[in-house]
Amino acid sequence: MSVTLHTTHGELKIEVFCEVVPKAAENFLALCASNAYDNTLFHRNIKGFMVQGGDPTGTGKGGQSIWGKPFADELRSTLKFNARGIVAMANSGPDSNKSQFFITYGKQQHLDGKYTIFGRVIDGNDTLEAIEKVPVNEKSRPLQEIKLLKVTIHANPIADAQLR
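If you use UniProt numbering, the sequence shown corresponds to residues 1 to 164, in order.
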């Protein structure tokens with residue numbers, strides 16, 4: 001399954017790892033389908049590290065999972081922060097996943113085993129580069145809006161055929 005994040009800086013197509021991390025994938029895709037991410041800000045941007053969004057309040061303190069409470073981590077030894085464009089749930093500690101997520105700007109091995117990876121950018125590196133270049137204040141908040149305008153969910157015809 002994949003989605004396209006339509007941002008003020010271009011499009012990011014993300015492959016979602018539905019079979020490997022089913023809870024995180026279900027949460028992310030359901031939030032996408034319910035338009036929960038539409039017109040939300042990427043509120044934290046750290047060049048060389050990551051950009052974070054998924055908070056409907058835009059403060060970095062909001063957001064909720066589709067279950068109305070935080071859900072457990074799905075840490076997999078096969079999923080590593082070993083490349084640019086890894087997409088993972090943001091959290092405030094173990095088993096505290098809600099709606100916020102982040103996208104890495106490079107390898108971040110120090111995050112392995114601490115955050116649930118649920119996808120990767122498969123198209124839109126130019127967009128990721130443009131977002132990474134946005135200047136920020138001393139709290140890593142972008143000085144110009146980086147907004148997630150809407151999300152398009154793409155069906156996987158092979159998986160759909162297997163369900164029939």
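Note that the Cβ used here is the ideal one computed from N, Cα and C, for glycine as well. On a predicted model such as this, the values are computed, not experimentally measured, just so you know.
query, result
"CA-to-CA distance, T8 to L149, given in whole angstroms", "7 Å"
"Neighbour-count burial assignment, L5, 16 or more Cβ in a 10 Å radius", "buried"
"Proximity to L41 [Cα-Cα], best of E145, A155 and L29", "E145"
"Which listed residue (K47, S2 and G48) has its alpha carbon closest to that of E26", "S2"
"Sequence-distant residues of its chain with Cβ nearer than 7 Å to P70 (five each side left out)", "D95, S96, N97 and K98"
"Extent of the continuous alpha helix (DSSP H) to which F28 belongs", "P22 to A33"
"Buried or exposed by the 16-neighbour rule on C-beta atoms within 10 Å, applied to E132", "buried"
"Cα-Cα separation, N125 to R44", "18 Å"
"F28 beta carbon less than 8 Å from that of F102", "no"
"Pairwise C-alpha distance: T59 and Q109", "27 Å"
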